[in-house]
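Peer 1: In this note's numbering, each number is its position in the sequence shown, counted from 1, plus 1. Beta carbons are placed, not taken as given, at the ideal position from N, Cα and C, and that holds for glycine.
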Amino acid sequence: MTTNIAHGYRESDERREFRASTSGALSRIWRNDALRDFPDTAESKLAELNSDIHRNLALGGILVAEEHGGLGATPEFATVAAEELGAGLAPYDLLGACMTAHVLNSAPVPDRDLWLRRIAEEPRPFVFAWPGKDSSWNIRDLTPASVIRETAWARLTYVPGLVGEPFLAVPARRDDEFGVTLIDWAAAVDRISVTEVACADTLRAIGHLVLDGVECTFLAVPERAFTEALMLGAILLSAEMVGAARTCIERMVEYGLLRRQFGQPIITFQALKHAVVDAAVDFERARASVYRAARRADATSVDVPDGDLGEALMFARIAKASAGTALRSAAKLSIQLHGGTGFTWENLSHRYLKKWVTANELFGSADAQRRLIYAQAQSGAR
2 MTTNIAHGYR
12 ESDERREFRA
22 STSGALSRIW
32 RNDALRDFPD
42 TAESKLAELN
52 SDIHRNLALG
62 GILVAEEHGG
72 LGATPEFATV
82 AAEELGAGLA
92 PYDLLGACMT
102 AHVLNSAPVP
112 DRDLWLRRIA
122 EEPRPFVFAW
132 PGKDSSWNIR
142 DLTPASVIRE
152 TAWARLTYVP
162 GLVGEPFLAV
172 PARRDDEFGV
182 TLIDWAAAVD
192 RISVTEVACA
202 DTLRAIGHLV
212 LDGVECTFLA
222 VPERAFTEAL
232 MLGAILLSAE
242 MVGAARTCIE
252 RMVEYGLLRR
262 QFGQPIITFQ
272 ALKHAVVDAA
282 VDFERARASV
292 YRAARRADAT
302 SVDVPDGDLG
312 EALMFARIAK
322 ASAGTALRSA
332 AKLSIQLHGG
342 TGFTWENLSH
352 RYLKKWVTAN
362 ELFGSADAQR
372 RLIYAQAQSG
382 AR
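1) Give the secondary structure of threonine 152 by DSSP, where H, G and I count as helix, E and B as strand, and everything else as coil.
2) What separation, rounded to the nearest whole angstrom, lies between the Cα atoms of alanine 287 and glycine 70?
3) Short check: CB of threonine 228 to CB of tryptophan 138, under 8 Å?
4) State the Cα-Cα distance for the pair glycine 297 and alanine 187, rounded to the nearest angstrom.
5) Assuming leucine 220 contacts arginine 113 under a Cβ cut-off of 8 Å, what Cβ separation, rounded to an integer in Å, is found between them?
6) Assign proline 266 to one of three DSSP states: helix, strand, or coil.
7) Taking Cβ positions only, does glycine 180 come closer than 8 Å to chain B?
8) With burial defined as no fewer than 16 other Cβ atoms inside 10 Å of the residue's Cβ, what is the status of isoleucine 140: buried or exposed?
9) Keeping to the same chain, check which residues put their C-beta closer than 8 Å to that of aspartate 14; ignore five residues upstream and five downstream.
10) Given this structure, state the Cα-to-Cα distance separating tryptophan 131 from proline 161, to the nearest angstrom.
11) So, at 6 Å on beta carbons, what are the nonlocal neighbours of glutamine 370 in its own chain, with the 5 sequence-adjacent residues on each side left out?
12) Since I believe glycine 97 is in contact with phenylalanine 1 (beta carbons under 8 Å), could you give me their beta-carbon distance rounded to a whole number of angstroms?
13) Between which residues of its own chain and glycine 180 is the CB-CB distance below 7 Å, once the five residues before and five after are set aside?
14) Quick check: the Cα distance between leucine 338 and glycine 257, rounded to an integer number of angstroms?
15) Please report the Cβ distance between threonine 301 and cysteine 200, rounded to the nearest whole angstrom; I am assuming they are in contact, meaning their Cβ atoms lie under 8 Å.
16) What's the C-alpha gap between histidine 103 and asparagine 57?
17) Which residues in the same chain as leucine 90 place their Cβ atom closer than 7 Å to its Cβ, once the five residues preceding and following it in sequence are excluded?
18) Just to confirm before moving on: does the CB-CB distance between alanine 82 and leucine 60 stay below 8 Å?
19) Consult DSSP for isoleucine 63 and reduce its assignment to one of helix, strand or coil.
20) Note down the Cα distance separating glutamate 312 from tyrosine 375, rounded to an integer number of angstroms.
21) Take glutamate 122 and list the residues in its own chain whose beta-carbon comes closer than 8 Å to its own, dropping the five residues that flank it on each side.
22) Does the Cβ of glutamate 84 have 16 or more other Cβ atoms within 10 Å, making it buried, or fewer, making it exposed?
23) Given a cut-off of 8 Å, decide if leucine 47 and proline 109 are closer than it, judged by their beta-carbon atoms.
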């Protein structure tokens, strides 16, 4: 196997150690080679794997403060974890726990502290139930759950992470107040229904969610907290795509060095070499954008001016657009470079392309992000 190209980056010792420990722990419980035997329709198996990775890696509480039982890490470290999960095509959704933790940090105590501790300690994962087709990241642009007293009704489409019986964090409105409603799926299973959505990436469950009079806990939070949470989710999703693109490039280089024609490795042929370098350039650009966005998100809070939030949003949208482009380039080239085996089930290249098809659309495609970046730049120039 070729050297992991992530090792070529200058990282702090702490971040490098965290990357190595996350990658090592993941490799002990999940190898993406197992995907060759993984059927395209296996929801129960997906739920089992998702829960297993959640328990063993203990990443659910990565953004939860240590005083609440979490790791107390920054968004930058969560981004490292997401990149390694994406590199291994791990069937685990980190977005839900991180987005929920971020929103809860703006909620009033003591309920906030109770639920933050549950995120860090519960063996079941959390799902942040935001419509996956939304690209505005503004709660006023969707229909949130309706809450009367402590009972919720909602109909949300294309929600990622709906597998097994997770805890739900649902954007909601009670009277004239926005907030998040928290639900234990296992305790309200007869009031919750999910329609599974067929998608290209069968390692990420997506579904339409209906809540029909579900008992819940409602916590009021500022509108801005939702925008920040979606920004964080988009960054983590971008990191997953960057990790997947990294693995594609590593596999291409490895195969190109092994496969020989005319007495030399095919990777030395100019046409192939230039194509791989182009994919690597897209990857480098995307990775830099993702970590810049993560650092900027770390410096953003409800206490800073809206102008700073606008800049952080711009960085997150650039990261999402760049990561989508990078994974598309790497996955398509991987299929082509592997020749006659590239499109077969035994070769994993198709899995990376399927990951791009699904992840690119969640929370706004690359094209949608570019349109929003342009609109934001135009409004700022006036």
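Peer 2: Looking at the atomic coordinates:
1) Reduced to three states, the DSSP call for threonine 152 is strand.
2) 33 Å
3) yes
4) The sequence shown places arginine at residue 297, not glycine. Each residue's Cα considered, the two are about 37 Å apart.
5) Yes, they are in contact, since the Cβ atoms of leucine 220 and arginine 113 sit about 6 Å apart, within 8 Å.
6) Three-state result, proline 266: strand.
7) No chain B is present in this structure, which holds just one protein chain.
8) With 16 or more other Cβ atoms within 10 Å, it is buried.
9) none
10) 8 Å
11) Arg318, Lys321, Ala322
12) Since the first residue of the chain shown is 2 and the last is 383, residue 1 is not available in this structure.
13) Ala173, Phe219, Leu220, Ala221, Val222
14) 8 Å
15) Not confirmed; about 31 Å, so no contact.
16) 22 Å
17) Counting only residues of its own chain and dropping the five nearest sequence neighbours on each side, leucine 90 has a CB closer than 7 Å to the CB of Asn33, Leu36, Leu204, Ala245, Arg352, Lys356.
18) yes
19) coil
20) 13 Å
21) Cβ neighbours of glutamate 122 within its own chain (closer than 8 Å, five residues either side excluded): Gly62, Gly70.
22) For glutamate 84, the number of other beta carbons within 10 angstroms of its own is at least 16, and it is reported as buried.
23) With contacts defined as CB atoms closer than 8 Å, proline 109 and leucine 47 fail to qualify as a contacting pair.
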